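A.B. asks: When we follow the numbering used here, the leftmost residue of the sequence shown carries the number 19, and every step to the right adds one.
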Amino acid sequence: MNESSITLLHFNPTCELAVANGSPYYVAPALLREFEEELSPLMMLFSGGKDWVIRETPVSARFADQMAGFGFPTAEFVPKGEVKARLTENGIEKVGLRPWGNSPAESNFFRFLHPITQLSWKPELKELYGRKAAAQFLKNFVSKHHSPIFPGEAELPVTASTISEIETYLKRWGTIAMKAPYSSSGRGLQVIRQQNLNRSNLQWIETTLKQQAYLMVEKWHKKICDLSFQFLMDENGQTHYLGPSFFLTNLNGQYAGHYLHFSGFRQFPFSENEISDIGRMLCEELANSAYSGSYMGYLGIDAMIYMDGDATKFHPCLEVNTRHTMGLVSKTIEQYLHPGSFGYFRTFFSKQGEYAALAEEMRRKQPPLIVDGKLTGGFVSLTNPSPTSRFGAWLEIKAPDKD
19 MNESSITLLH FNPTCELAVA NGSPYYVAPA LLREFEEELS PLMMLFSGGK DWVIRETPVS
79 ARFADQMAGF GFPTAEFVPK GEVKARLTEN GIEKVGLRPW GNSPAESNFF RFLHPITQLS
139 WKPELKELYG RKAAAQFLKN FVSKHHSPIF PGEAELPVTA STISEIETYL KRWGTIAMKA
199 PYSSSGRGLQ VIRQQNLNRS NLQWIETTLK QQAYLMVEKW HKKICDLSFQ FLMDENGQTH
259 YLGPSFFLTN LNGQYAGHYL HFSGFRQFPF SENEISDIGR MLCEELANSA YSGSYMGYLG
319 IDAMIYMDGD ATKFHPCLEV NTRHTMGLVS KTIEQYLHPG SFGYFRTFFS KQGEYAALAE
379 EMRRKQPPLI VDGKLTGGFV SLTNPSPTSR FGAWLEIKAP DKD
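1. What are the complete alpha helix (DSSP H) segments, minimum 4 residues, inside the region 213-257?
2. Cα separation between residue 160 and residue 277?
3. How many angstroms separate the CA atom of residue 389 from the CA atom of residue 363?
4. Note down, one range per segment and in chain order, each alpha helix (DSSP H) of at least 4 residues found wholly within the region 37-97.
5. Residues bridged to residue 305 by DSSP?
6. Measure the C-alpha to C-alpha separation of residue 333 and residue 266 and round it to an integer number of angstroms.
7. To which residues of the same chain is residue 232 closer than 8 Å at the C-beta, ignoring the five residues directly before and after it?
8. Residue 327: buried (16+ other C-beta within 10 angstroms of its C-beta) or exposed?
9. Taking the beta strand (DSSP E) that residue 360 falls in, what are its first and last residues?
10. Using DSSP with H/G/I as helix, E/B as strand and the rest coil, what is residue 339?
11. Among 413, 357, 369 and 146, which residue has its Cα nearest to the Cα of residue 380?
12. Below 8 Å, how does it come out for the region 25-41 and the region 53-72: are there three or more Cβ pairs, yes or no?
13. Within the region 123-201, note down every full beta strand (DSSP E) run reaching 3 residues or more, in order along the chain.
14. Determine, using beta-carbon pairs with one atom in the region 369-384 and one in the region 350-358, whether at least three such pairs fall under 8 Å.
15. Considering only the alpha carbon of each residue, which of 235, 125, 394 and 184 lies closest to residue 337?
16. If you draw a straight line from the alpha carbon of residue 105 to that of residue 117, how long is it in whole angstroms?
17. Report yes if the C-beta distance between residue 361 and residue 342 is below 9 Å; otherwise report no.
18. Residue 297: which of 263, 120 and 329 sits nearest, CA to CA?
19. In three-state DSSP terms, what is residue 381?
20. Is there contact between the region 76-93 and the region 306-313, where contact requires at least three CB pairs shorter than 8 Å?
21. Three or more C-beta pairs closer than 8 Å, one from the region 182-201 and one from the region 210-217: is that the case here?
22. Helix or strand or just coil, what does DSSP make of residue 406?
23. Do the region 117-129 and the region 139-149 meet, that is, are 3 or more Cβ pairs less than 8 Å apart?
24. Thinking residue 340 and residue 317 are a contact (beta carbons under 8 Å), I'd like their distance in whole angstroms, please.
25. Here's the rule: buried if 16 or more other CB atoms are within 10 angstroms of the residue's CB, otherwise exposed. What is residue 244?
26. Going by DSSP, name the residue or residues bridged to residue 298.
27. Just to confirm, are residue 156 and residue 185 a CB contact at a threshold of 9 Å?
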């Protein structure tokens, strides 16, 4: 190989659970490790062409050839436990590490690569990975940017460490969202629409309080659409705004996918200029926040457009994701699509074998189309379908109108 410099790309979306756990030896539950393994090819999107993606099993030659044929970056897949030996064998002198997100466990496992200062875990980082820090960021933002389109002080999220506190907020707001301090993709989320907490709600609350000490509670809004803003906080202390992305959630607020080239679908109540202005305001606030100087890397802020009575409002910060995000993935994918095309980036979970069957059927019904070297239509699996796959990710692209 004789490459003098590579980057290790590691898909570890359980990083927030690892941060909450705090142990440098944390191991995620089996199902989540399976999720990380199956969706690891997404990290190819960030490859320089000869970088390594950490994955325990190789991908098929068919999958690798298809990805290259669609113009996506290539990468070599290397088991996590073999990285150190392979680096020595190949005489690689310079190694970068780009995980989905940092944690004590991530920093500890790759300590043989240090000094990589931005990935050396510092205990003070833990607070920035939690939702309490995001709530404080939101409070600071709306206090500086007074606007009727932003939520008022009475609507801002609060912390609760007892069931009685949660019941008080339920009576105040009618419908509430309860969020675990450390979680991702809506998995640590419970929406309460009834007037009283039931046994299932109480069990989830008690378990989460025992594990994480408190919950974030906020008013549940009548949503029009979800979006996020992407940023990069670089090694020079600069904060860069990368743009917005629009995503899909289910009825309980759990992540379901992203729009690609969103403007191809429909118009929304705020113009692109207004969205960009809010993004730049968030960027300025980040540069002057607790995140600046302590956190380094990619960061996403989830937001929402919603109805408040007859008024259309904009929630600028539902949470701050101190890691790579699916919004960053979707914006990266858009670079490889034909400019006039639009579509979806979706994720999948079901029984073993069902994703492979879905992928094969969709390929037959919607074969990929390439125009001017750019993907312009059809179905493309971004993960390697196999008979044992339970997870997957794909693109469904619509070709631009010929007229």
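Where a beta carbon is used, it is the ideal one built from N, C-alpha and C, also for glycine. Given the structure is predicted, the values throughout are model-derived calculations rather than measurements.
C.D. replies: According to the structure data:
1. If you keep only unbroken alpha helix (DSSP H) runs of at least 4 residues inside the region 213-257, you get 217-230.
2. If I take the Cα positions, the gap works out to 27 Å.
3. The straight-line gap from Cα to Cα measures roughly 19 Å.
4. Qualifying alpha helix (DSSP H) stretches, in chain order: 48-57 and 79-87.
5. Residue 305 pairs with nothing; no bridge assigned.
6. Annotation: residue 333 to residue 266 spans about 16 Å, alpha carbon to alpha carbon.
7. Excluding sequence neighbours, residue 232 sits near 150, 177, 178, 179 and 199.
8. Exposure of residue 327 is indicated by the presence of fewer than 16 other C-beta atoms within 10 angstroms of its C-beta.
9. For residue 360, the enclosing beta strand (DSSP E) begins and ends at 360-367.
10. Residue 339 falls in the strand class under three-state DSSP.
11. From the listed residues 413, 357, 369 and 146, the smallest Cα separation to residue 380 is found for 413.
12. Output reads yes: the region 53-72 touches the region 25-41.
13. You should have 176-178 and 194-197.
14. The region 350-358 and the region 369-384 do not touch, with fewer than three beta-carbon pairs separated by less than 8 Å.
15. For the residues 235, 125, 394 and 184, the minimum Cα distance to residue 337 belongs to 235.
16. Cα to Cα, the separation comes out at about 17 Å.
17. No Cβ-Cβ contact shorter than 9 Å links residue 361 with residue 342.
18. Of the listed residues, the one whose Cα sits closest to residue 297 is 263.
19. In the structure shown, residue 381 sits in a helix (DSSP, three-state: H, G or I).
20. A contact is defined here as three or more CB-CB pairs under 8 Å, and the region 76-93 fails this definition with respect to the region 306-313.
21. Three or more Cβ pairs drawn from the region 182-201 and the region 210-217 lie within less than 8 Å of each other, which places the two stretches in contact.
22. The DSSP-derived three-state label of residue 406 is coil.
23. Contact holds: three or more Cβ-Cβ distances are below 8 Å.
24. 6 Å between Cβ atoms; contact.
25. Result: buried.
26. Per DSSP, none; premise fails for residue 298.
27. No, Cβ-Cβ distance for residue 156 and residue 185 is not below 9 Å.
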